[in-house]
Structures are given as structure tokens and as C-alpha cells.
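Written below as C-alpha cells is the structure these notes are about.
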Amino acid sequence: MNWKQKNILIASSDQVAIDAVSATLMGFDPMNIPFIRIAHEAGLGCGEVKELDIEGEDISEINWEFSKSSNTFASWGQKLVYWGPLKPLEKIILNTPLVFLGILASNLFHNFYWLRFKGRKRIHSALKTEWGTLFKKY
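Residue numbers (the working numbering): 5 to 142.
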């Protein structure tokens, strides 16, 4: 995942609306995102941006042209277990002590590889932005 500074504040008591507005700004149709559509249909909030009362900047012309990112190692593995060829082994992998191997692998990957070779650079870059400067004042 790569962060992108956009300098927009989105606030609402409706968390589905926040996700819908965020998706719209990123260039996605929120109702094509299953968790937003399902939450909207279940009455948990509003996923239809046209139905929202948005104050401030007109977002109708904003499209940040985000794209679906490539899979992380963890999401790739998760898809193999939940929807891929490892689906028949799901209970063995997730409901036995084998689950701790996944936790260990995640810990090793994120804390010893990713943080060291990728994360620290991203953190230092983020802290050099105006938001990073503000964050350091807290």
C-alpha cells in the first residue's frame, strides 16, 4: 500500500458514507464495492453518494484515478486459503495450531523485512510532509 497526500478531510457519523465518499474520490463506484453495497442494503449507512448532503468542496468532478493495487504477500496467501486451491485446507490451516505459523510469518515479514527495507523510507518521507510535521508536534 502506498499513501497519497490529498489534503481532504472527510467526516461523518455515517461510516458507510465516509467509505462511499472515499471510494468516489479515488475513482471507484462505491456500490460496486461489496462491503459498501452490503452495508448500504442492510441499512447500516448510505453508500449512494448522490443521496448524501456533502458540505464544502464539490466532489462530483474529482477522480484521483486510483487503481486496484497488487496483492501483498499476506493478501495473496489469504486469497489462496479463502477462495483458491487451499480452500479445502481452510479449517486445518486456520483452526489448528498451524495458524501460529501464519502469525509468525507475518511478524517476520513485516517487522524484519518490510519495516527495515520499505517501511522506514515511507515513514521518513511521510514525516517530511506538512502532515508529518504537524504529527510530530503532538
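For glycine and all other residues, C-beta sits at the position ideal for the given N, C-alpha and C.
Neighbourhood of residue i by C-beta, 6 Å cutoff - its chain only, sequence neighbours within 5 removed
{"i": "Glu-94", "result": "Val-85"}
{"i": "Phe-139", "result": "none"}
Nearest to residue i (by Cα), restricted to the options the options
{"i": "Val-53", "options": "Tyr-142, Asp-23 and Lys-8", "result": "Asp-23"}
{"i": "Asp-2", "options": "Ile-12, Ile-37, Trp-80 and Ala-43", "result": "Since the first residue shown for the chain is 5 and the last is 142, residue 2 is missing from the structure and cannot be characterised."}
{"i": "Ser-64", "options": "Ile-37, Lys-141 and Phe-32", "result": "Phe-32"}
{"i": "Asn-67", "options": "Met-30, Tyr-117, Arg-120 and Val-20", "result": "Met-30"}
{"i": "Gly-2", "options": "Arg-120, Tyr-142, Trp-80 and Ile-127", "result": "Since the first residue of the chain shown is 5 and the last is 142, residue 2 is not available in this structure."}
{"i": "Trp-7", "options": "Trp-118, Trp-87 and Ile-127", "result": "Ile-127"}
Residues near residue i in its chain [Cβ-Cβ closer than 8 Å; skip 5 each side]
{"i": "Leu-90", "result": "Leu-84 and Ile-97"}
{"i": "Phe-113", "result": "Phe-77 and Ala-78"}
For residue i, three-class secondary structure by DSSP
{"i": "Leu-112", "result": "helix"}
{"i": "Pro-101", "result": "coil"}
{"i": "Gln-19", "result": "helix"}
{"i": "Ile-58", "result": "coil"}
{"i": "Phe-32", "result": "coil"}
{"i": "Phe-70", "result": "coil"}
{"i": "Ala-27", "result": "helix"}
{"i": "Ser-129", "result": "helix"}
{"i": "Arg-76", "result": "Checking the sequence shown, residue 76 turns out to be Thr, not Arg. The answer is coil: DSSP assigns Thr-76 none of H, G, I, E or B."}
{"i": "Trp-118", "result": "helix"}
Cutoff 7 Å; reference residue i; Cβ partners in own chain excluding five residues on either side
{"i": "Arg-41", "result": "Met-35 and Gly-51"}
{"i": "Thr-133", "result": "Gln-9"}
{"i": "Gly-136", "result": "Ala-130"}
{"i": "Gln-3", "result": "Since the first and last residues shown for the chain are 5 and 142, residue 3 lies out of range."}
{"i": "Ser-171", "result": "Past the edges of the chain, shown from 5 to 142, lies residue 171, and the structure says nothing about it."}
{"i": "Leu-119", "result": "none"}
{"i": "Tyr-142", "result": "none"}
{"i": "Val-20", "result": "Ile-40, Ala-43, His-44, Leu-48, Gly-49, Cys-50 and Gly-51"}
{"i": "Ser-110", "result": "Ala-78"}
Indicate whether the contact test is met: 3 or more Cβ pairs, each with one atom in the stretch 67-78 and one in the stretch 41-51, closer than 8 Å. no
Cβ contact check for the stretch 56-65 and the stretch 15-32: 3 or more pairs under 8 Å: yes
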